[in-house]
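Undergrad: Could you have a look at this structure, given as C-alpha cells, before my questions?
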Amino acid sequence: MIFKDELTNSKAFSQLKKDIKSRLGHAYMIVSFDDALTDSFFTLAAMRIYCERGTGCGECAECKKVLHSTHSDIFHINEKGEKIKVEDISKGLIDTVNVKHLVNRKLYFIHRADLMLPAAQNKLLKTLEDPPEDVTIFLGVANESSMLATVASRVRKIYMDSFDEDAIFNFLVGQNIPEEAASVAAACSDGMPGRALTLAKDEEYVALYRSALEVFKKLQKSSDVLAVESFMQKTSNVSKLVDLMAIVARDMLVSKNDKELMLSKHIGGEIVSLADGYSELALAKIAGLINNFRKKQSVNVNGVACLDSLLFSILEVRHKWQR
Ligand SMILES: [Zn+2]
24 MIFKDELTNS
34 KAFSQLKKDI
44 KSRLGHAYMI
54 VSFDDALTDS
64 FFTLAAMRIY
74 CERGTGCGEC
84 AECKKVLHST
94 HSDIFHINEK
104 GEKIKVEDIS
114 KGLIDTVNVK
124 HLVNRKLYFI
134 HRADLMLPAA
144 QNKLLKTLED
154 PPEDVTIFLG
164 VANESSMLAT
174 VASRVRKIYM
184 DSFDEDAIFN
194 FLVGQNIPEE
204 AASVAAACSD
214 GMPGRALTLA
224 KDEEYVALYR
234 SALEVFKKLQ
244 KSSDVLAVES
254 FMQKTSNVSK
264 LVDLMAIVAR
274 DMLVSKNDKE
284 LMLSKHIGGE
294 IVSLADGYSE
304 LALAKIAGLI
314 NNFRKKQSVN
324 VNGVACLDSL
334 LFSILEVRHK
344 WQR
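Taking my numbering, the leading residue of the sequence shown gets 24, the next gets one more, and so forth.
Following this line, the structure appears as C-alpha cells:
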C-alpha cells in the first residue's frame with residue numbers, strides 16, 4: 024500500500040470515513056488517474072470497514088486478513104486493469120452477490136471500472152438498481168466519461184485529492200528513490216504519488232530531463248528549430264520530454280524570484296544561467312505554451328506533429344517579451 028498516512032488524512036478518505044460511521048452506501052466511484060493510489064484507497068477502505076477497533080489499525084485479525092488478501096468477504100474484479108467484459112461481471116459479481124456473507128458485509132472492488140464495456144456496465148446496473156443488503160461495491164475509475172450515466176447516477180462519487188509536491192517528494196525519498204529523480208518525478212506527477220513512483224523508477228527519466236535542459240540550450244534562433252525538433256524526435260519519449268520541458272520552464276521562472284522554491288534544486292546553477300536569456304514574463308508565457316501543448320497532446324495522439332510550432336512559439340515569445 025502506498026502513501027498510507029497521507030491518504031488516510033485525505034479529503035477523499037474522510038468522505039468515506041463519515042459514511043462508514045453513519046451509514047455506508049451500496050456503491051462508490053473513486054475517481055483518480057492514479058491506479059496505485061486507488062488500490063491503496065481500496066485497502067484502506069476495507070480495513071476501516073472490517074477493523075475490530077474501527078480505526079483500520081492494520082494490526083487486528085481483520086485488518087491483517089485485508090492486508091494479506093485472505094479476507095473471505097472481499098472480492099476483486101480486474102486487478103490487472105484490463106478490459107472488463109460481461110462474463111467478468113457475471114462470474115466476479117452476479118454469481119456471488121446474493122450469497123450470504125461470512126463476517127458482516129461483502130465488498131466488491133472493481134479496478135479500472137472505466138474499462139468495463141457498456142454491456143458489462145449494463146450487467147452491473149441490475150445489481151446497482153437493486154443492491155442486496157450488506158454489499159458495497161467500489162468502482163475505481165480513471166476516466167469518468169467512460170461510465171454510463173445510468174451507472175454513474177447510482178453511485179456516490181469520491182474524487183481523489185491532488186497531493187502536494189513536497190509530500191510526494193518525501194514519499195519518494197522514503198522509497199529509496201535518489202533525490203534527483205525524486206524531485207523531477209514529484210514535479211511531473213500532477214499531484215499523484217503512484218504516478219510519481221512509476222516515473223521515478225523509470226530509468227530513462229532523468230536522461231530525458233537532461234534532454235529537456237538541452238532543448239532550451241540549443242533553441243536560440245529560428246534557424247535552430249529544425250535541429251532541435253530532430254533532437255527531440257530522437258529522444259526515447261517525446262511526450263515525456265515535453266512534460267519535463269514544462270518543469271524546466273517553470274523552474275526557470277521561479278529562479279527569477281525565489282530560488283528556494285525551485286523543484287530541481289540539484290541543477291539550480293544550470294537553470295539560473297538558462298533563465299538569464301529570458302524575461303520573467305516570457306517564461307510565464309512559455310510555461311503556458313508548453314502546458315497547452317501537453318493538454319492538446321493528451322487528447323490527440325498526433326500532437327507530436329506540431330512540435331515545430333511549439334518551438335517557434337517559444338522563440339517568438341522570448342523575442343517579443345525581452346525584459
Ligand atoms: Zn484493525
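C-beta: ideal position from N, C-alpha, C; glycine also.
1) Is the segment 215-223 close to the segment 290-302, with three or more CB pairs under 8 Å?
2) In angstroms with no decimal places, state the Cα-to-Cα distance between Gln-198 and Lys-244.
3) Which residues in the same chain have their Cβ closer than 6 Å to the Cβ of Arg-218, if we skip the five residues on either side of it in sequence?
4) Whole angstroms is fine: what's the gap from Ser-278's alpha carbon to Gly-214's?
5) Whose C-beta lies closer than 6 Å to the C-beta of His-94 among residues of the same chain, with five residues either side of it excluded?
6) Give the secondary structure of Arg-273 by DSSP, where H, G and I count as helix, E and B as strand, and everything else as coil.
7) Beta carbon of Leu-195, beta carbon of Pro-216: below 9 Å?
8) How would you label Asp-62, buried or exposed, when you count the other beta carbons within 10 angstroms and need 16 or more for buried?
9) Less than 8 Å separating the Cβ of Arg-128 from some heavy atom of ligand 1?
10) Cα-Cα, which of Ile-181, Arg-233, Arg-179 is closest to Ala-204?
11) Which term fits Asn-9, buried or exposed, when burial requires 16 or more other beta carbons within 10 angstroms of its beta carbon?
12) So, are the CB atoms of Val-229 and Val-207 less than 9 Å apart?
13) Three or more beta-carbon pairs under 8 Å between the segment 97-105 and the segment 131-138, yes or no?
14) By a C-beta neighbour count over all protein chains shown, 10 Å radius and 16 as the cutoff for buried, is Ala-68 buried or exposed?
15) Measure the Cβ-Cβ separation of Arg-177 and Leu-148 and say whether it is below 9 Å.
16) Judging by CA-CA distance, which residue of Asn-121, Lys-146, Met-268 is the nearest neighbour of Glu-110?
17) My output table needs one value for Phe-335: the three-state DSSP class, helix, strand or coil.
TA: On the basis of the coordinates in this document:
1) no
2) 42 Å
3) Asp-57, Ser-212
4) 22 Å
5) Lys-88
6) helix
7) yes
8) buried
9) no
10) Arg-233
11) With the chain represented from 24 up to 346, any question about residue 9 goes unanswered, as that position is not in the structure.
12) yes
13) yes
14) buried
15) yes
16) Lys-146
17) helix
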